[in-house]
Amino acid sequence: MYANHPNKKSMQPIRLILSACFAMLGLIASGTATANPKIQHWTTANGARIYFVPSPELPIVDIRVVFDAGSARDGTHSGLARLTNSLLNQGASKFDADQIAERLDGIGAKLDTSSYRDMAIVSLRSLTEPSLLDPALDIMTLVVSQPSFPEAAFKLEQKRTLIAVRGEKESPSAIAEKAFFAAIYGKHPYATPSLGTEESVAALTRQDVADFHQRYYVGHNAVVAIVGAIDRTAAEKIAEKVVGKLPAGETAAALPPVQSLAAAKVEHIPYPSAQTHILVGQPGISRDDSDYFPLVLGNHVLGGSGLVSRMADEVREKRGLAYSAYSYFAPMHVAGPFTAGLQTRNEKAEAALKVLQDTLRDFIAKGPTAAELSAAKKNITGGFALNLDSNAKIVDNLASIGFYKLPLDYLDTYNQHIEAVTADQIRAAFQRRVHPQDMVTVMVGGETAATAAKP
Amino acid sequence: MLTFKRLLMLCLLFPLGAAADNPAVHELTLKNGLKVIVKEDHRSPVVVSQVWYKVGSSYEHDGITGLSHALEHMMFKGTPKHGPNEFSRIIAENGGRENAFTSRDYTAYFQQLEKNRLKVSFELEADRMRNLTLSPKEFAKEIQVVMEERRMRTDDDPESLTDEQFNAVAFLNSAYRIPVIGWMDDLKSMRVDDLRKWYETWYAPNNATLVVVGDVRPQHVFEMAKKYFGPLKPSTIPEVKPRQEIPQTGIRRITVKAPAELPYIVMGYKVPVLHTAKIEWEPYALEVLSGILDGGDSARLPKDLIRGSQVAAQTSAGYSLDARNDYLLELDGTPAQGHDIGELEKALREQVQKLRDDLVNEDELKRVKAQVVASDVYQRDSVFYQAMQIGSLESVGLGWQVGDQYVDKVKAVTAEQVRDVARKYLIDDHLTVAVLDPLPISDEEKMRRSQHSGGDNVR
């Protein structure tokens, strides 16, 4: 975000890590009654759900197509969903990867593919000038509906994925996250990394990818969010063009529920780093959880509001033990993780872990103070407009609302939901749902500097 | 990891830009020297306020590296009026988001707020511009936080570690050799008095720019700025020595060994920037050259090295024309499985040679320019980015107006000019190369590598 300098490491934003967590949380806050975007919604004949907000000021249109085709759908082929998604623009219909790229770059359009545990995404940003938008939509349509998965492109992406998997082995935070998900999700589809493992990726075939696309990239499994300087008629045409010709197919089956953890588990992974990365947590909540508001608001106080949260205050501000210390719920289709984490110099790992645990236990026992609760509410509701101050953010919110089937007045009522939460409800929800005695603890690091041969 | 890097490089490519129909920018310099710049954007009821100080790591010298960044951290630790961390709590209670960043050439603080809360930000920023407490007790804790930040971002990230040493070797006397976060040894010996001296030297209204973008009226913002910042006393700002890098007269090469899984190479050629260029079009030609290499998926590096010869698993190029002093055009990459770092270096240098030998073709040139034109509009979707652009251009001494000329200057670049700058600047005598040589991470890996010694292409 701040990389406007040739050296990508030249900037030192003090809270980058925390803001990344915030984005992952996908928090859609609400507040005053001012001009929430009015969401228009319809369904195409083949079952795709469309969400549209006109935004006339800039000559831009953003289109985000989201399929329920993230790595939770990998089955026994870990890495398949992501590989499929990353291959979409590497060959479609009669065009190869070079031709697709040349056509998009030549009109200044940006087409991106990305995938996570729940979602597989294709997004486009283009200028609205028809001589630019029309060819951009042509390419997007082919990429979504007629990817050709050329054998050569498949082999190349497979090899690059294997390198990316290896690359994660030199990042203590990536190692920790992988172990954390494996430990809290066991045999659940969320357990495996989206990227896959070296063994699973090596075993994938082009046919696996083609089959996966045929099964999951279908009308009933698609959500489209559109924001830009176009009217409803134009939006309908765009939706019809991009996803209207997809086979109707079937909605992906509901994911299995996540099992609660039965006992505490500590995993220490030695790594030759100066710091130990610590993650503590358990399965958390789904997007439609009845405790959503008390837990998310409570966590805002506990570890979700940057340096003013308790976790950061105890670990960083009072003791200087870490650059970032946080906690968050990541609500997903089924229970996404509740995570508390930090990273600290190896010799302080045990001390910092204890502070994290004490902070968590204390919050569960007592809940937020009246002052903390009031401040958190003011922060979330008073900053509402900041969540919707660009087309990019609006399309992001639309896609979430559509994908998780949240009500169309979600943005209008969010504020009321937040205001209605009491300290008692937060304490009760945390006591019912958050169980430090059964949590997973992952610690990566701790090998001495001598072993690491630090220069 | 790969995706993240890719995104960053796209940002690097087109750092500036504004079109003719861009809303007007209004500026006013207060009597104490504070320059206030306001740009209206009425799409949403929000405002971003940023205070930019002309100080960063390129103002530092050996022994005191990291001072600017450490001071940035301490700016949240209170004044006589507001205790430690109060700043953040007040902004949060007002529904705001805030942060700060330090770069080589500037240090900036920002708040994003609902439009009616702007005065909250002004009151707090004005207060900490001149009245910072800098308590030894708070510093003792905060310098530990900075060291943790360094361990996380640099020491435990092998590519970042390589980049840091690459910079220190590429520049001998230019302050661009100094890492923004500072050398660990300097952080360990830093004292709160060093920070106080630094703060008193550089933090003054006549060394700062206040940038406000959002749903505001310029006159109203100017009045408020006068009220809150107007009473602050200016300082005598020391002359900034040029410290222009001595001419490089031969290739430089280092190896960095660190626990890692993948090898990595970073290469940089000394090039001028807008602020230093004697020939005005040259930085724009270098900007286009960088786009030819890495502007979009159709550019040469992804097309030829990732998809074509498949020698690279990842590769990128970057140039920023808005540095304060001569900088680098950089190329970096990770070899694909089955290729080594030597092959990747050869391929990257062949790409450079091609730019010297042949004119880029018209289609390539058109694609780069089409992306610049479009990105210029896309960037206006972000209120924050618009303020960033104004603030950074002002802070390096170029002036925000340069942003408005950017698209036209890029559009005017010819294929001949691209070849000319390649021939003039992308030469071996101006090249620095750093290679990350991975050390085994785990015992198991050490075993595996010793069994395969000789046949292993990892190095």
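In order, the protein sequence lines correspond to chains A and B. Positions 2 to 456 (the working numbering) are the ones given, in order, by the first sequence. Positions 11 to 469 (the working numbering) are the ones given, in order, by the second sequence. Note that beta-carbon positions come from the ideal geometry of N, C-alpha and C, so glycine has one too.
Supposed contact pair residue j and residue i - C-beta distance, whole angstroms, cut 8 Å
i: L205 of chain B; j: L284 of chain B; result: Actually they are not in contact, since the Cβ atoms of L205 of chain B and L284 of chain B sit about 32 Å apart, beyond 8 Å.
i: A323 of chain B; j: P345 of chain B; result: 7 Å
i: Y329 of chain B; j: E297 of chain B; result: 6 Å
i: V435 of chain A; j: I365 of chain A; result: 6 Å
i: A1 of chain A; j: N347 of chain A; result: With chain A represented from 2 up to 456, any question about residue 1 of chain A goes unanswered, as that position is not in the structure.
i: I74 of chain B; j: D196 of chain B; result: 6 Å
i: G282 of chain A; j: T193 of chain A; result: Not really, about 17 Å apart at Cβ, beyond 8 Å.
i: L280 of chain A; j: A203 of chain A; result: Contact flag wrong, Cβ pair sits at about 28 Å.
i: L339 of chain B; j: Y279 of chain B; result: 5 Å
Host alpha helix (DSSP H) of residue i (start-end)
i: D63 of chain A; result: Here D63 of chain A belongs to no alpha helix (DSSP H); instead the beta strand (DSSP E) covers 61-68.
i: P252 of chain B; result: That residue, P252 of chain B, is in no alpha helix (DSSP H); it is neither H nor E in DSSP.
i: E159 of chain B; result: 146-160
i: W208 of chain B; result: 202-212
i: F213 of chain A; result: 207-217
i: S300 of chain B; result: 292-304
i: Y327 of chain A; result: Run containing Y327 of chain A: none in the alpha helix (DSSP H); it sits in the beta strand (DSSP E), 326-330.
i: Q175 of chain B; result: 168-180
i: K198 of chain B; result: 194-198
i: P459 of chain A; result: Nothing can be reported for residue 459 of chain A, as the shown portion of chain A is limited to 2 through 456.
i: F294 of chain A; result: 293-300
i: Y411 of chain A; result: 411-421
DSSP beta-bridge partners of residue i
i: P345 of chain B; result: B:A322
i: G168 of chain A; result: Answer is none; G168 of chain A lacks a bridge partner.
i: G285 of chain A; result: Answer by DSSP bridge pairing: none, since G285 of chain A is not bridged.
i: G352 of chain B; result: BP columns for G352 of chain B are empty, so no partner.
i: W62 of chain B; result: B:A118, B:T219
i: E472 of chain B; result: Nothing can be reported for residue 472 of chain B: it is not among the residues displayed for chain B, which extend from 11 to 469.
i: D55 of chain A; result: One detail in the question is off: residue 55 of chain A reads as Pro in this sequence, not Asp. Answer by DSSP bridge pairing, in chain order: A:G229.
i: R126 of chain A; result: A:D63, A:K111
i: S385 of chain B; result: Paired residue(s): none; S385 of chain B is not in a bridge.
i: I279 of chain A; result: A:L343, A:M444
i: K45 of chain B; result: B:T39, B:T219
i: R50 of chain A; result: A:T44, A:V224
i: A121 of chain A; result: A:F68, A:S116
i: V57 of chain B; result: B:L123, B:G224
i: D368 of chain B; result: Bridge partners of D368 of chain B: none, in fact.
Under 8 Å from the C-beta of residue i: neighbouring residues of chain B
i: E318 of chain A; result: P94, N95, K151
i: E103 of chain A; result: S308, D373, R377
i: P173 of chain A; result: D166
i: I108 of chain A; result: A380, A384
8 Å Cβ cut-off: residues of chain A touching residue i
i: K64 of chain B; result: Within chain A, no residue comes near K64 of chain B; the closest Cβ sits about 15 Å away, beyond 8 Å.
i: L128 of chain B; result: Going along chain A, no residue has its Cβ under 8 Å from L128 of chain B, so there is no contact; the nearest lies around 13 Å.
i: S477 of chain B; result: Given that chain B is displayed from residue 11 to residue 469, the structure contains no residue 477 of chain B and the question cannot be resolved.
Residue i - containing beta strand (DSSP E), residue span
i: Q41 of chain A; result: 41-44
i: A229 of chain A; result: Here the sequence assigns Gly to residue 229 of chain A, which means Ala is not the residue at that position. Taken as a continuous stretch (DSSP letters only), the beta strand (DSSP E) holding G229 of chain A covers 223-229.
i: H52 of chain B; result: Neither: H52 of chain B is in no beta strand (DSSP E) and is coded neither H nor E.
i: E37 of chain B; result: 35-39
i: A184 of chain A; result: First-last for A184 of chain A: 173-186, but that is the alpha helix (DSSP H), not the beta strand (DSSP E).
i: E268 of chain A; result: 266-272
Chain-ordered neighbours of residue i on chain B, where CB pairs are closer than 7 Å
i: Y324 of chain A; result: V155, E158, E159, M162
i: G285 of chain A; result: Within chain B, no residue comes near G285 of chain A; the closest Cβ sits about 23 Å away, beyond 7 Å.
i: P60 of chain A; result: V387
i: T345 of chain A; result: E158
i: G321 of chain A; result: K151, E152, Q154, V155
Partner residues on chain A for residue i, Cβ-Cβ distance less than 9 Å
i: T344 of chain B; result: I164, G168
i: K313 of chain B; result: A98, D99, A102, E103
Partner residues on chain A for residue i, Cβ-Cβ distance less than 7 Å
i: E270 of chain B; result: Correcting the residue type first, residue 270 of chain B is Ala in the shown sequence and not Glu. Neighbours of A270 of chain B on chain A, chain order: E171.
i: D391 of chain B; result: L59, I61, S391, N392, A393
Chain B residues whose Cβ lies nearer than 9 Å to that of residue i
i: Q1 of chain A; result: In the structure as shown, chain A begins at 2 and stops at 456. Residue 1 of chain A is therefore absent and cannot be evaluated.
i: K160 of chain A; result: Q320, A323, A346, Q347, G348
i: K379 of chain A; result: A102, E103, N104, G105
i: T382 of chain A; result: G105
I'd like the ranges of any beta strand (DSSP E) spanning at least 3 consecutive residues and lying wholly in the segment 332-405 of chain A.
338-346
Residue ranges of each alpha helix (DSSP H) within the segment 72-142 of chain B, 4 or longer
77-84, 96-103, 128-140
Where in the segment 218-276 of chain B do unbroken runs of the alpha helix (DSSP H), each at least 4 residues long, occur, reported from the N-terminal end onward?
228-239
Could I get the ranges of all uninterrupted beta strand (DSSP E) runs contained in the segment 392-450 of chain B, with 3 residues as the minimum, in chain order?
441-449
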